[in-house]
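Heads up, this note's numbering is the position in the sequence shown plus 4, with the first residue counted as 1. Built from N, CA and C at the ideal position, the CB exists for glycine as well.
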Amino acid sequence: DRNGHGTHIASILAASDKLKGKDGDEDGDEDGDEDGDEENGSDSLDRFAGMAPNASLVMVRAFGEDGGGTYADVIRGINWIVANKARHNIRVLNCSFSAPVSSFYWEDPINQAIMKAWKAGIVVVVSAGNAGPDPMTIGVPGNVPYGITGGAVTRSYPPSCPSDDRLASFSSVGPRYAGFGKPDVVAPGGHIVGIMESKARIPTLFPQFSSPEKNLFVMSGTSQAAATVSGIAALMIQANPGLSPDDVKCGLMSTA
């Protein structure tokens, strides 16, 4: 992953419960190494793991080093996932990306591919977009009703205090043109620690958020929130493999 964003998202979703250092040893050194940046709000970067540790991942690359991609690449990727669902037991599809809305949701080709995946029995989780806080800023495919759209919440510090949780100012909000509400749920998306190789493009552009010696990076966005929701969906399906995408969405929204 030459950009770094995909690795960060995958680690939020499924990083092992004990992150490993470059030398292969378990982190968690006894030297008391701390991040040292109060903005990160972490006691130690060594302690962070994914929402569904060690979940099986099927990686489909549709974006380049600059973080951008085409409609055609994304649609090919989604179609491959649907075609290989049974072979790889794909139950959750995380779509941490967003594009501007240029048509009705049912006419958009990416949304059509998303709806096809949902109909095939795959729980699709998408990011709301980072165009907030103005209304009607949800992007594609966050504007499709047949999916779970995740907005981002953030917090002040310390992170152990939940009373200051709030919607992140960057998180896109609805309603959509068709009149339905979005996002469907919100999840932690501010100041999230994840794995990212120090030589990837994002850490080289923003070294102040990087911990190069541990290949970790602090990043905010609805992409991170979507990964959080995808991890929760994976845990739900692990607990009850018979859940349909509609079951997962209704369960998440009714208990959020």
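Worksheet item: Nearest CA to the CA of residue 63: which residue from 239, 18, 198 and 72?
Response: Closest option to residue 63, Cα to Cα, is 18.
Item to complete: Report the option in 113, 176 and 160 whose CA atom is closest to the CA atom of residue 140.
Response: 176
Worksheet item: So what does DSSP say about residue 63, is it helix, strand or coil?
Response: coil
Discussion item. I'd like the span of the alpha helix (DSSP H) that includes residue 140, first residue to last.
Written reply: No alpha helix (DSSP H) holds residue 140; DSSP gives it neither H nor E.
Item to complete: Specify, as a first and last residue, the run of the alpha helix (DSSP H) that residue 155 falls within.
Response: Note, residue 155: premise wrong, no alpha helix (DSSP H); beta strand (DSSP E) at 152 to 158.
Discussion item. In the DSSP output, which residue or residues are listed as bridge partners for residue 199?
Written reply: 220
Practice prompt. Give me whichever residues DSSP pairs with residue 103 in a beta bridge.
Written response: Partner(s): 144.
Worksheet item: How big is the Cα-Cα spacing for residue 55 and residue 112?
Response: Going by C-alpha positions, residue 55 is about 31 Å away from residue 112.
Worksheet entry | Inter-residue spacing [alpha-carbon to alpha-carbon] between residue 206 and residue 148 | 29 Å
Worksheet item: If you scan the stretch 68 to 104 from start to end, which runs of the alpha helix (DSSP H) of 4 or more residues do you find wholly inside it?
Response: 75 to 87 and 89 to 92
Practice prompt. Determine the closest residue to residue 95 out of 155, 129, 70 and 69, with distance taken between C-alpha atoms.
Written response: Nearest of 155, 129, 70 and 69 to residue 95, Cα basis: 129.
Discussion item. Can you confirm whether the stretch 117 to 128 touches the stretch 217 to 228 when touching is taken to mean that 3 or more C-beta pairs between the two stretches lie within less than 8 Å?
Written reply: no
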